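Chemist: Following this message is one structure expressed as structure tokens.
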Amino acid sequence: MQVNAYAKINLSLDILGRREDGYHELAMVMQSISLRDVLTVEPAGETSLSCTDPRVPCGPENTLWRAASLFFQETGLPGGVRVALEKHIPSQAGLGGGSADAAALLRALNQMFQAGLAEEALLRLGLQVGADVPFCLRGGAALAQGVGERLSPAPPLPPCFLTVCKPPAGVSTAEAFRRADQRREKGKNHTAAVLEALRCGSLESLGRALGNDFENVMQVPQVEAIKSAMKARGAAGASMTGSGSAVFGLFASREAACSCAAALKGEYPETFFCTPV
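Counting in my numbering, the sequence shown runs from 1294 upward without gaps.
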């Protein structure tokens, strides 16, 4: 069985504070995009992973391994699964690649083994793998609250096209949260502004509303330069996604998004033309 694992972007990301359990309370609007990994999945006597990117670990630390282990524990089914991962979503980018992979595998296993797990059970298993996995299981557009597990529908994006660009610098999510905890000023309420813009259906308003608390606390080199380049080439707005370091721009026309992607790709090889999913 072959399945797609779609990346996500954060149209907004607000860090509301650190909880007593050590996790952080968040408010985010997330959107699936067409940039994807591809998983080839088949039953096996025991679980094994392979990947086209040699930098990706293929042992128990991989989200795919954890997702498979939790699935077989939950269902009590014998055996394992062989997964071949065709990797396209950059790592340490804020695009949710590992979460998307885990979500795609949970869906595939549920179907392949006819396990009959309801969506709520899959969401519960996904949350044990990572905070973004529940969103990746549902996909589309959603408001995510809590650590990201409380999902509610968000209005769809206005018709648009995207350029996604990851600079060479990667970002550690743990370091990003550590720096966020040290900030003196509270962030803006980006999420409320993004939801209002989505309700209005205006790409221009949405472009102005985009915002990410991590962008201010991390100040990743090249992020501002990429955003400026996107806006100069016609983007309605641009923002860093997740804890970074990838940047996305929203464009009204396919031609403008493709042109921007082509222009940036010379300097930043991990640049992609995308559409909302």
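Note that beta-carbon positions come from the ideal geometry of N, C-alpha and C, so glycine has one too. All of these numbers come straight from a predicted model, not from anything done at the bench.
#1: Please tell me whether Ala1554 and Gly1527 are closer than 8 Å, where the distance is taken between their beta carbons.
#2: Going along the chain, which residues of its own chain have a beta-carbon closer than 7 Å to the beta-carbon of Phe1470, five neighbours each way excluded?
#3: Locate the alpha helix (DSSP H) running through Gln1404, then write down its first and last residues.
#4: Evaluate the contact criterion for the region 1473-1490 versus the region 1499-1510: three or more CB pairs, one atom per stretch, below 8 Å.
#5: What residues match up with Ile1326 in a beta bridge as DSSP calls it?
#6: Starting from the C-beta of Ala1490, find all residues in its chain whose C-beta is less than 6 Å away, skip the five residues before and the five after it, and write them out in chain order.
#7: So the candidates are Ser1362, Val1334, Glu1468, Ile1302; which of them puts its Cα closest to the Cα of Pro1383?
#8: On a CA-only basis, which of Ala1545, Cys1458, Ala1462 is nearest Pro1562? Give me that one, please.
#9: For Ile1302, name the three-state secondary structure that DSSP assigns.
#10: If the criterion is Cβ atoms closer than 8 Å, does the pair Leu1293 and Pro1427 meet it?
#11: Would you call the region 1374-1388 and the region 1333-1342 touching, i.e. three or more CB-CB distances under 8 Å?
#12: Who are Val1540's beta bridge partners in DSSP?
#13: Find the nearest neighbour of Thr1368 within the set Ser1552, Gln1407, Ala1395, Ala1539, judged by alpha-carbon distance.
#14: Considering only C-alpha positions, which residue in the set Thr1340, Leu1388, Leu1418, Cys1551 is nearest to Ser1465?
Modeler: Checking against the coordinates, here is how it stands:
#1: Working through the sequence shown from its first residue, we reach residue 1554 at position 261. Working through the sequence shown from its first residue, we reach residue 1527 at position 234. Taking 8 Å as the cut-off, the beta carbon of Ala1554 is found no closer than this to the beta carbon of Gly1527.
#2: As a working mapping, residue 1470 is identified with position 177 in the sequence shown. His1317.
#3: Locating residue 1404 in the sequence shown gives position 111, counting from the first residue. Segment 1390-1405, the alpha helix (DSSP H) holding Gln1404.
#4: Counting C-beta pairs with one atom in each stretch, the region 1473-1490 and the region 1499-1510 have three or more that are closer than 8 Å, which means they touch.
#5: For the purposes of this step, residue 1326 is taken as the residue at position 33 of the sequence shown. Paired residues: Pro1569.
#6: Reading the sequence shown from its first residue, position 197 is the one you call residue 1490. Apart from the 5 residues on each side of it in sequence, Ala1490 sits with its Cβ closer than 6 Å to the Cβ of Ser1498, Leu1499, Ala1502 in its chain, given in chain order.
#7: The sequence position of residue 1383 within the sequence shown is 90, counting from 1. Measuring from the Cα of Pro1383, the nearest candidate turns out to be Ile1302.
#8: Taking the sequence shown and counting its residues from 1, the one referred to as residue 1562 is at position 269. Looking at Ala1545, Cys1458, Ala1462, the one whose alpha-carbon comes closest to that of Pro1562 is Cys1458.
#9: Within the sequence shown, the letter at position 9 stands for residue 1302. Annotated three-state conformation of Ile1302 is strand, per DSSP.
#10: The question about residue 1293 has no answer here: the residues shown for the chain are numbered 1294 through 1570.
#11: Proximity of the region 1374-1388 to the region 1333-1342 meets the contact definition, three or more beta-carbon pairs being nearer than 8 Å.
#12: Taking the first residue of the sequence shown as 1, we reach residue 1540 at position 247. DSSP output for Val1540 lists Cys1458, Met1533 as bridge partner(s).
#13: Against the sequence shown, residue 1368 aligns to sequence position 75. When each option's Cα is compared against that of Thr1368, the closest is Gln1407.
#14: Stepping through the sequence shown from its first residue, residue 1465 is reached at position 172. Nearest of Thr1340, Leu1388, Leu1418, Cys1551 to Ser1465, Cα basis: Leu1388.
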